[in-house]
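Comments concern the structure below.
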Amino acid sequence: MSKASSSSTREASISISEDKSEDNYNDREEVKEMDRRAHRLVLPEDGYEWKKYGQKFIKNIGKFRSYFRCQMANCIAKKRAEWSTSTDIRIVYDGVHTHYGSSTTRPGSSGSSSNAANQYNLLTQVFGDQSTQQKQGRSS
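With the working numbering applied, the sequence shown corresponds to residues 38 to 177, in that order.
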């Protein structure tokens with residue numbers, strides 16, 4: 038009788054240990070999902086309002102990719118942003134806006150007008166306005 042009880046105890050301990058490893062596996066999956074959700078992207082302003090319609094992690098390059106489309110009705114412009122957990126961001130624009138941006142001045146109104154509806158200068162976004170910095174450097 039002692040052999041039967043010890044074997045059933047062993048089976049129980051095996052099933053308990055299997056349950057624990059399965060729980061640990063599920064815990065790791067939850068942590069992984071939380072880590073992915075924790076990576077939020079803050080994009081530089083470009084003068085348009087965008088709606089995010091998707092995001093995925095691309096394993097082979099180790100980066101996240103977010104997909105955006107312009108919120109204006111009938112506008113076909115889209116953009117996608119790729120980034121890793123470091124600070125580098127790559128933004129790719131597809132299509133042209135069929136309207137003026139929310140922060141650009143419309144032609145005929147006071148102030149400077151925009152030459153094109155879809156102006157986006159990545160160098161200015163990353164390095165700042167070089168013409169202003171050069172003027173400040175000369176005056177110093």
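Virtual Cβ for every residue (Gly too), placed ideally from N, Cα, C.
Where do the N-terminal and C-terminal ends of the beta strand (DSSP E) with residue i fall, by residue?
i	result
Asp131	Ile126 to Asp131
Ser103	Lys100 to Cys107
Lys89	Trp87 to Ile95
Glu119	Lys115 to Trp120
According to the Cβ coordinates, are residue i and residue j closer than 8 angstroms?
i	j	result
Tyr85	Ser139	yes
Phe105	Lys93	no
Lys96	Glu119	no
For residue i, which residues from the same chain have a beta carbon less than 8 angstroms from its beta carbon, with the 5 sequence-adjacent residues on both sides left out?
i	result
Arg127	Ala118, Glu119 and Trp120
In chain order, what residues of the same chain lie with their CB nearer than 6 angstroms to the CB of residue i, ignoring the 5 residues before and after it?
i	result
Val129	Arg117
Could you tell me whether the region 127-138 touches the region 102-112, where touching means 3 or more Cβ pairs closer than 8 angstroms? Judged by Cβ distances under 8 angstroms, the region 127-138 makes contact with the region 102-112, as three or more pairs qualify.
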